[in-house]
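The opening position of the sequence shown corresponds to residue 2 in our numbering, with each subsequent residue numbered one higher. Beta carbons: idealized from backbone N, C-alpha and C, even for Gly.
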Amino acid sequence: MSFDNTDQKLREAYAAAGPYDLPAVASPDDLSLGDIARQAISSVRGLRHRIANASLAFREGHEKRARDFVGGIAKEDEGLRGKAEEVAASSPGDSCDRWWYRACQDAHQPHNSDEDPPAPPAKVSGFRGCLEAEILSIAPEPALVREDGTKAVDPFVQFSLEGRNSGALRAADREPGAEGKDVKQPSSVRFVLREVSGVDLRVNVFDHGSTSFKMGFEHQAFCGGLFVPLAMIIQRAREAGLVSSVGDRLFSKTFEVTLSMALLPLDLLRSRCKLEPASVTGALRPLRGHGNILLRARLTMYTAPLWTYFAEPVQMPPNLAQCPGKVGDPLSVLKAAAASATRAGNAVNLNHWLMAIGELRSENMPAVLLSVWWTYGTIWAPVHVWPLLLVLILPLFTWKVGAIASRASREEPLRMYRDEVAPEPPKEAPPTKPPVTVQKAVKEAVNVQLTVMQLVDNASLAVGHVERLANVLSLSDRLTSALCGLVALAVACGLSVVLRVLQLLVEAGFLRYAAWLGGCCLLLPDEWCEPLVKVRAAALREGAKAARRLLSLLSPLWLRVPDGPEAAHLALFDRYVLIAAS
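What follows is the structure in structure tokens.
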């Protein structure tokens, strides 16, 4: 899909960024050489940021024109119009790039603590908690370096959460400069948050002493960064003994932990919302480490985490792993389809379950227990007890599957860099037939692209549910698995009661009366059967309402279970970023 007048569109986007005026310069007699240099650098930085914003606005405008073009084609076709609206709603846009440019601009000013939200126990309406983050120190060894390997001169840290960026923060143990200009620069920041599950605190480290940073080339002065999943703060606080019991984890509102973490290169962070394995990014190991930081995080929830599990979830940040592609980039649609197919293959992999069955059969006690369970269930147990028996035997399988998954993750962990292991020899590709070129109408081409995007979107949702189920059954988070187990037990008990009632009705001859009533409704005049029809319709409506209420009650807990990309993100953080927690 191509568009004309590219130069004209670029000029319009550049003009849309707003007027740019050089700063007012006093007379040469009133300025020193240093003042002139600083004003020149400030002018270059402002121009650089304006060009970057104009370039991003041009890219976003290109995608908008592509959506408008597709919308114009699909306007006359009901099926195409529905697909176009669904695809447009699921497209994440250029949020990562937009965040990066905004973060770079905010990093040039010291953080203003007066703009932080109030500290707990004060609450902010519309939010669910407060996060206080403090940079304690930047480790001297290994040395902190910029992207080109040059040692950082004057590093500072920037935090970002849910779209809000802090200004420049200095480490708490940093000695003030010789002139004492940075004595009052803070080392901590407070954020309010709407969600915990799937949300990360982003950390950027820049070198203020680099001329490239002062001139607006922030990527050249970047010294490393990382993601800190908020769920890991709660988990590590529990493992460090600060939250000692399950009850404390469910009802305690404050979680504090000190994390020692390794910084990651810019390629793994700039255009991404999560840490991703090497099979997705294709990243190579950096030539050198970027250094380590020590961070203290204090998470204060306004309500107990148990009730937050069942609260209506806030829309999660855009996840590129679940994006169906962009309308203006057909290649991205094909990549998204391939990624979705890979996720589906990994989600339905039953190797761990088959291995669990084999290992349980080879052990004496589990084998005897399974035999007794199977004998009772197939010979003596009533039908209405089967759901309860299934839930009761499930913990035995989940324990074994969790052990196998843990062993497999140690033997073959997720890797962030593809050159950590020796590359496999390339497989000989099968002979392919020359492609057949078929001329299609533009409407049919758009239909195919939208159909693929719609299928990718629906497949990602379905695969996400399968991945959540595998995550619960593998006991990755024992508390979440326990909560889901209690819900499954309650559902099994309810289903057993329903089956028992049906069994009693069948034994009492209810089927004969039901057949008699149905035949009467067919044979009698419609006006005679109208009361029964109304009762039946009302019962179906009430049943549907009850089912929707039950789903609305349980779906928040289910949606907070990590899916495949989120589970990989947490595993990579634990393996490559986190050094120690206390």
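Selection from the options that minimises the alpha carbon distance to residue i
i: Ala123; options: Ile139, Val193, Gly225; result: Val193
i: Pro121; options: Ala539, Thr304, Leu573; result: Thr304
i: Leu265; options: Phe252, Val229, Ser253, Ala238; result: Val229
i: Gly217; options: Asn293, Gln110, Asp575; result: Gln110
i: Asp98; options: Cys274, Ala463, Arg561; result: Cys274
i: Arg271; options: Ala572, Ala104, Asn459; result: Ala104
i: Trp100; options: Asn113, Leu162, Gly150; result: Leu162
i: Ile235; options: Val125, Ala516, Pro143, Leu480; result: Leu480
i: Leu267; options: Pro278, Leu227, Ser189, Ala279; result: Leu227
i: Gly150; options: Val534, Phe223, Tyr377, Leu470; result: Phe223
i: Glu142; options: Ala263, Glu567, Ser583, Lys215; result: Ala263
i: Val146; options: Ala108, Ser211, Pro187, Tyr102; result: Ser211
i: Gly565; options: Val281, Trp374, Thr376, Val125; result: Val281
i: Gln186; options: Ala153, Ser114, His209, Val402; result: Ser114
i: Ala515; options: Arg537, Gly495, Val499; result: Arg537
i: Gly1; options: Val464, Gly519, Trp400; result: Because the chain is modelled from 2 through 583, residue 1 falls outside the range shown and cannot be assessed.
i: Trp559; options: Ser482, Val534, Asp201, Asp458; result: Ser482
i: Asp201; options: Lys535, Arg165, His209; result: Arg165
Check whether residue i and residue j have beta carbons under 8 Å apart
i: Glu468; j: Ala342; result: no
i: Asp117; j: Arg191; result: yes
i: Ser167; j: Ile580; result: no
i: Gly283; j: Arg419; result: yes
i: Pro396; j: Ala493; result: no
i: Arg549; j: Met302; result: no
i: Met366; j: Ile405; result: no
i: Ala460; j: Ala345; result: yes
i: Pro306; j: Leu251; result: yes
i: Pro563; j: Leu571; result: yes
i: Gly378; j: Leu361; result: no
i: Arg561; j: Ser198; result: yes
i: Gly292; j: Gly225; result: yes
i: Ala489; j: Val578; result: no
i: Thr279; j: Arg408; result: Looking at the sequence shown, residue 279 is not Thr but Ala. No; because the gap between Cβ atoms is not below 8 Å, this pair is not in contact.
i: Ala582; j: Thr259; result: yes
i: Pro414; j: Arg237; result: no
i: Ala108; j: Glu277; result: no
i: Ile294; j: Ala140; result: yes
i: His466; j: Val402; result: no
Residues bridged to residue i [DSSP beta-bridge criterion]
i: Leu500; result: DSSP lists no partner for Leu500.
i: Asp208; result: Pro156
i: Thr194; result: Sequence check: residue 194 is Leu here, not Thr. Leu194 pairs with Gly130.
i: Thr309; result: Answer is none; Thr309 lacks a bridge partner.
i: Thr304; result: Paired residue(s): none; Thr304 is not in a bridge.
i: Asn166; result: Ser161
i: Ile294; result: Ile139, Met262
i: Ser189; result: Glu135
i: Arg203; result: Ser161, Phe228
i: Leu579; result: Met262
i: Arg299; result: Glu133, Glu257
i: Pro111; result: Ala169
Near the ligand GDP: residue i beta-carbon under 7 Å from a heavy atom
i: Arg239; result: As for the ligand GDP, it is missing from this structure, which has no ligand bound.
Chain C within 8 Å of residue i, Cβ atoms only
i: Gln186; result: The chain inventory of the structure shown lacks chain C, comprising one protein chain alone.
Unbroken beta strand (DSSP E) runs of length 3 or more, entirely within the stretch 114-162: which are they?
As far as the stretch 114-162 is concerned, its whole beta strand (DSSP E) runs of at least 3 residues are 130-139, 156-162.
4 or more residues per run - each alpha helix (DSSP H) lying fully within the stretch 214-278:
Assignment of alpha helix (DSSP H) within the stretch 214-278, counting only whole runs of 4 or more residues, yields 231-240, 247-252 in chain order.
Can you confirm whether the stretch 129-137 touches the stretch 296-313 when touching is taken to mean that 3 or more C-beta pairs between the two stretches lie within less than 8 Å?
Here the stretch 296-313 lies against the stretch 129-137, with 3 or more beta-carbon pairs under 8 Å apart.
Do the stretch 161-178 and the stretch 286-293 meet, that is, are 3 or more Cβ pairs less than 8 Å apart?
They do not touch, by the three-pair rule.
Within the chosen definition, does the stretch 204-213 reach the stretch 144-159 through at least 3 CB pairs nearer than 8 Å?
A contact exists between the stretch 204-213 and the stretch 144-159.
Quick one: any contact between the stretch 471-478 and the stretch 365-374, if contact means 3 or more CB pairs under 8 Å?
Contact between the stretch 471-478 and the stretch 365-374 is not established, with fewer than three Cβ pairs separated by less than 8 Å.
Minimum length 4: unbroken alpha helix (DSSP H) runs contained in the stretch 462-512:
Segments of the alpha helix (DSSP H) lying fully in the stretch 462-512: 479-508.
Count Cβ pairs between the stretch 383-395 and the stretch 493-505 that sit closer than 8 Å; are there 3 or more?
Yes: at least three Cβ pairs fall under 8 Å.
Quick check: the stretch 554-565 against the stretch 308-315, are there 3 or more CB pairs under 8 Å?
Touching, yes, given that three or more Cβ pairs across the two stretches are closer than 8 Å.
Whole runs of the alpha helix (DSSP H) within the stretch 353-399, excluding any shorter than 4 residues
Segments of the alpha helix (DSSP H) lying fully in the stretch 353-399: 365-376.
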